[in-house]
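Undergrad: Residue numbers (our numbering), protein chains in the order written: chain D, 1 to 408; chain G, 1001 to 1528.
Positions of the beta carbon are idealized from the N, C-alpha and C atoms, including for glycine.
Computed from a predicted structure; not experimentally measured.
(1) May I have the straight-line CA-CA distance separating residue 1/D from residue 54/D, to the nearest angstrom?
(2) Got a sec: which bits of the segment 1079-1096 of chain G sit with their beta carbon under 9 Å from any beta carbon on chain D, in order along the chain?
(3) Who are the near neighbours of residue 1213/G in its chain, counting only those whose CB is closer than 7 Å to its CB and skipping five residues on each side?
(4) Starting from the C-beta of residue 1082/G, find all residues in its chain whose C-beta is less than 6 Å away, skip the five residues before and the five after it, and write them out in chain order.
(5) Could you work out which residue in 178/D, 46/D and 364/D is closest to residue 208/D when comparing CA atoms only?
(6) Can you find the residues in the same chain that come closer than 6 Å, C-beta to C-beta, to residue 86/D, ignoring five residues on each side of it along the sequence?
(7) Whose Cβ in chain G lies nearer than 7 Å to the Cβ of residue 334/D?
(8) Just checking my contact of residue 1455/G with residue 1526/G at CB under 8 Å: how many whole Å lie between their CB atoms?
(9) Pull out every residue of the segment 257-276 of chain D whose Cβ sits closer than 7 Å to any Cβ of chain G, in chain order.
(10) Any chance the segment 74-85 of chain D sits against the segment 117-128 of chain D, with 3 or more Cβ pairs inside 8 Å?
(11) At 3 residues or longer, and completely inside the segment 23-99 of chain D: list those beta strand (DSSP E) runs for me, N to C.
(12) Please tell me whether residue 1070/G has its Cβ less than 8 Å away from any Cβ of chain D.
(13) At the 8 Å Cβ level, is residue 192/D part of the contact set with chain G, yes or no?
(14) Could you tell me which residues DSSP pairs with residue 1426/G in its beta bridges?
(15) For the structure I just gave you, are there three or more beta carbon pairs, one from the segment 14-34 of chain D and one from the segment 133-145 of chain D, closer than 8 Å?
(16) Would residue 1043/G pass as an interface residue toward chain D - the criterion being a Cβ-Cβ separation below 8 Å?
(17) Taking only beta-carbon positions, decide if residue 1148/G is within less than 8 Å of chain D.
(18) Is there contact between the segment 333-344 of chain D and the segment 97-116 of chain D, where contact requires at least three CB pairs shorter than 8 Å?
(19) If you measure from the CB of residue 395/D, is any heavy atom of the ligand MN nearer than 7 Å?
(20) Is it the case that the Cβ atoms of residue 160/D and residue 126/D are separated by a distance below 8 Å?
(21) Go through the segment 1151-1230 of chain G residue by residue and report every complete run of the beta strand (DSSP E) that reaches 3 residues or more, in order.
(22) Which of the three DSSP states is assigned to residue 442/D in this structure?
(23) Would you list, in chain order, the members of the segment 171-182 of chain D that have their beta-carbon closer than 8 Å to a beta-carbon of chain G?
(24) Out of 1191/G, 1012/G, 1163/G and 1094/G, which one is the CA nearest neighbour of residue 1149/G?
(25) Starting from the C-beta of residue 1434/G, find all residues in its chain whose C-beta is less than 7 Å away, skip the five residues before and the five after it, and write them out in chain order.
(26) Could you tell me which whole alpha helix (DSSP H) segments of length 4 or greater appear in the segment 1325-1378 of chain G?
(27) Could you have a look at residue 1516/G and say whether DSSP puts it in helix, strand or coil?
(28) Output needed for residue 1051/G: all residues of its chain with C-beta closer than 8 Å, excluding positions within five of it in sequence on either side, in chain order.
(29) Between residue 1312/G and the rest of its own chain, which residues show a CB-CB distance below 6 Å, the 5 nearest in sequence each way excluded?
(30) Let me know if residue 1151/G comes out buried or exposed under the rule of 16 or more other beta-carbons within 10 Å of its beta-carbon.
(31) Out of curiosity, what's the CA-to-CA distance linking residue 174/D and residue 110/D?
(32) Nearest chain G C-beta to residue 38/D closer than 8 Å, yes or no?
(33) Are the C-beta of residue 387/D and some C-beta of chain G separated by less than 8 Å?
(34) On the three-state DSSP scale, how would you describe residue 1268/G?
(35) Quick test of your reading: residue 315/D and residue 255/D, contact by CB under 8 Å. State the CB separation rounded to the nearest angstrom.
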């Protein structure tokens, strides 16, 4: 179960973010290899590695790169999504702070694969220290000649909206517009940032790329499951003895993560529920945690791997209160562009708040479920479907707890 | 051209046609709010969902292009249920204040709720409150609570006028339409946002609370405000005369014409109807003799005009026709002038200040029919006619509509000319400083009170219809001129505007082959 640290191998060094430390530990050795490869060969290697996007959607990375139209002649953009905002997720900030050169090297390789000369790194506005560290690393990379020779990186800071982590919302924001997701089609790979084909990848995803080139797709694939290779960084929070980040294979189980790596449950010591992939992932009961944490394993369990933000709740946690908090988050962060999400996130928050306040009615639970189901799948982006995950699963799995709050 | 089926009916549509437009061609209406054919696709309202075979989820029709072999279903149970859900989402925070809302009766929330909603309301929580009765500019009032955030108005200001005054501010259910700081919605086309607003969020400050829309009657018309000739609808209040301060014309609305104005009109044209119901309207023929003013009958007036035209030598008669007159009027005038052999005629009087013009709709020439007057051969030099009057070569001036004192002609010259001539005959709908110096003033019907055609600057002949009865004894110019023609022995006068147009089409080559029927609602170009 214990896996070799790959992404986090240097996190113990105080100077891990410097170019010197990165070079000392084998940094910038994958990039010359990539330079000797045809772009299509790089994409093929990443496809064979079974690397899947680690920002939330879990889409196969190499396949995504292959969507750039072959006939396109203008600019192509690589955009790094560093707008880490999924509640319960805090892995990318560590990568930006402690291994920024891995991201830069991964970007060099990815950019070659998709023939991009310019990349944007969209960093969550609240991430001041990660931004400072990353900008420092970019400066070092320019000075050392890794950047500026046919490939440039533009660092852009967000202004604090969750929706700008949605890839087309991010692109709108990057373009200087309100961070509203775009209507698809066209998809970003066809018409993305500034109207050009664009690939949006998560920080962690790209940080894997140098290792894949250095050690081979087969090695990377062997670390995970049949359909997803490698390790990933789990952000573990809530009622555990050792909250924090843990790098491990995507094939470990949720039980292993909670009990073996994070040291088990605090509070009253009895596990009630776990949210396995950030707040948008449907909740799992204590008896449902013997599932592997890869994309398909969690999908088969009726939830999702998402951003691997694992939120642990012991028996003292009130699920209705947890739902109210989550519902407040989605009501606050809904961008307001399309009607079902704009209107029902606020409505569901009001209903959940009312239930917690002791003013719920017996119809409210079914009303929330019905409203959630009616809106699901009707919106421009995945935000509302993400909100529906907790709305439905919290009530379905812990209905008695809600009913106990409703006056008879 | 892709071939597809809509509810089982096979159609072929041009490539790039979206499913809302494709469905329209077979008479299927896909309900929608944010989609507007003149604006970019927003995909926000989520109402236009349809089922497409082999597609797992309902799809928005506005952002889906028709493709070969596509099978589209718009009335499946799943789609009906989806529409009901979307309608509920649109309405949970809506104030439901229809009884006091100006949009009631032409509101797409009302229409679609009745057609596609009809669910039992179950929103019992406090609604979101937002600003109400916020003036956005001189013409537009915002009620943010009624707004469904379809963004049509925002896109209009971004894409059509390029002025970008409006944005959507805040997030989630607190989102609201608003002005960017330091701006005001005062672009020359601002009130179009009222037309495209599907609900009562943006209302017309001029029309607000004037009259309920279900009391309005409409007539297809053409804006007389400039040489573009934008197609409009005239909305008149005949059934509740005690409303709207007795003004009969309640508002003008743009009418789609792909070749002229598409869906839009300018604010100047939209609010340019005030003269129709104002106090300057002339309602009775009047004679003025040595300062004494007396009402006259039409028979007396027509006889007097005919007598004047007979008494003065043809070369001593100067006629200032107007580019505001319809083709029918101008042709009737031409018949009279031909009969009498009068040659001193002009229609252009220089404006006091040059008209504004842009690269969209607004034309510098603020008259609807200069091109028609030109094609009828009535062009001449107004200044020369007035000079001839001052030199007493012209002793009778016949003026249509113009206020020469408000023109670019020197006031002293105008005053001298009017003082020098023996007879001034003035015809028009609204009195002015010039008509007050005329010996005979004949009241003409305003453009909404009669039928006719204008020829726009591009040469498009367009019909305007009668919306209300003429005020008082006012008559269309073609009728006044027809009576003069008869009095002069020029034969029986055509009894209707359409008959005048028929004669015009037979006599003037540019109009050959045109008829009211062929001109239709969309207009027809004159021969080149």
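TA: On the basis of the data shown:
(1) Start at 1 with the first residue of the first chain, and residue 1/D comes out as number 1. Start at 1 with the first residue of the first chain, and residue 54/D comes out as number 54. With a pLDDT of only 48 at residue 1/D, under 50, the local geometry of the prediction cannot be trusted, and the value read off the model is given with reservation. Approximately 20 Å, taken between the alpha carbons.
(2) Residues passing the 9 Å Cβ filter: 1081, 1082, 1084, 1085, 1086, 1088, 1089, 1090, 1091, 1092 and 1093.
(3) Counting from 1 along the second chain, the entry for residue 1213/G is found at position 213. Exclusion of the five residues before and after residue 1213/G leaves 1105 and 1106 as the residues of its chain whose Cβ lies within less than 7 Å of its Cβ.
(4) Your numbering for residue 1082/G matches position 82 in the second chain. Counting only residues of its own chain and dropping the five nearest sequence neighbours on each side, residue 1082/G has a CB closer than 6 Å to the CB of 1049 and 1058.
(5) What you label residue 208/D is simply residue 208 of the first chain in a count that begins at 1. When each option's Cα is compared against that of residue 208/D, the closest is 46/D.
(6) Taking the first chain and counting its residues from 1, the one referred to as residue 86/D is at position 86. In chain order, 278, 307 and 309 place their CB closer than 6 Å to the CB of residue 86/D, counting only its own chain and leaving out the 5 sequence neighbours on each side.
(7) Position 334 of the first chain, counted from the start, is the residue given in the question as residue 334/D. Result: 1171 and 1172.
(8) Indexing the second chain from 1 puts residue 1455/G at position 455. Indexing the second chain from 1 puts residue 1526/G at position 526. About 6 Å separates the beta carbon of residue 1455/G from that of residue 1526/G, a gap short enough to meet the 8 Å contact definition.
(9) Within the segment 257-276 of chain D, no residue has a Cβ that lies closer than 7 Å to any Cβ of chain G.
(10) The segment 74-85 of chain D makes contact with the segment 117-128 of chain D; the number of CB pairs closer than 8 Å reaches 3 or more.
(11) You should have 77-82.
(12) The sequence position of residue 1070/G within the second chain is 70, counting from 1. No, its Cβ sits nowhere closer than 8 Å to a Cβ of chain D.
(13) On the first chain, residue 192/D is found 192 positions in, with the first residue counted as 1. Not flagged as an interface residue toward chain G: residue 192/D, since no C-beta distance is shorter than 8 Å.
(14) As a first step, residue 1426/G is located in the second chain; it is residue number 426 there, counting from the start. According to DSSP, residue 1426/G bridges with 1399/G and 1441/G.
(15) Touching, per the Cβ criterion.
(16) As a first step, residue 1043/G must be located in the second chain, where it is residue number 43. At a cut-off of 8 Å between C-beta atoms, residue 1043/G counts as an interface residue with respect to chain D.
(17) In the second chain, the residue the question calls residue 1148/G occupies position 148. Judged by the 8 Å Cβ criterion, residue 1148/G is in contact with chain D.
(18) These segments do not touch.
(19) Ligands are entirely absent from the displayed structure, and the ligand MN is therefore not among its contents.
(20) The residue you call residue 160/D lines up with position 160 of the first chain. The residue you call residue 126/D lines up with position 126 of the first chain. For residue 160/D and residue 126/D, yes; Cβs fall inside 8 Å.
(21) Those beta strand (DSSP E) runs which fall completely within the segment 1151-1230 of chain G and span 3+ residues are 1166-1169, 1176-1179, 1202-1204 and 1216-1222.
(22) Chain D is shown from 1 up to 408; residue 442/D falls before or after that span and cannot be answered.
(23) So the close ones are 178.
(24) By 1-based counting over the second chain, the position of residue 1149/G is 149. Here the closest residue by C-alpha is 1094/G.
(25) Sequence index remark: in the second chain, residue 1434/G carries index 434 (1-based). Hits under 7 Å: 1399, 1402, 1403, 1404, 1405 and 1426.
(26) For the segment 1325-1378 of chain G, whole alpha helix (DSSP H) runs of length 4 or above, ordered along the chain, are 1327-1340 and 1370-1375.
(27) Indexing the second chain from 1 puts residue 1516/G at position 516. The three-state reading of DSSP puts residue 1516/G in helix, counting H, G and I together.
(28) Along the second chain, one-based indexing puts residue 1051/G at 51. 1058, 1059, 1072, 1073, 1074, 1076, 1078 and 1079, listed in sequence order.
(29) Here residue 1312/G corresponds to residue number 312 of the second chain, with the count starting at 1. Counting only Cβ-Cβ distances below 6 Å, and skipping sequence neighbours, we find 1395 and 1396.
(30) Reading the second chain from its first residue, position 151 is the one you call residue 1151/G. By the neighbour-count criterion, in which a residue is buried when 16 or more other Cβ atoms sit within 10 angstroms of its Cβ, residue 1151/G is buried.
(31) In the first chain, residue 174/D corresponds to position 174, counting from 1. In the first chain, residue 110/D corresponds to position 110, counting from 1. Residue 174/D and residue 110/D have their C-alpha atoms some 20 Å from each other.
(32) By 1-based counting over the first chain, the position of residue 38/D is 38. No, residue 38/D does not count as interfacial toward chain G.
(33) The count along the first chain starts at 1 and reaches residue 387/D at position 387. With 8 Å as the cut-off, residue 387/D does not count as an interface residue toward chain G.
(34) Residue numbering aside, residue 1268/G sits at position 268 when the second chain is read from its first letter. In the three-state DSSP reduction, residue 1268/G falls in the helix class (H, G or I).
(35) Here the question's residue 315/D lines up with position 315 in the first chain. Here the question's residue 255/D lines up with position 255 in the first chain. Not confirmed; about 17 Å, so no contact.
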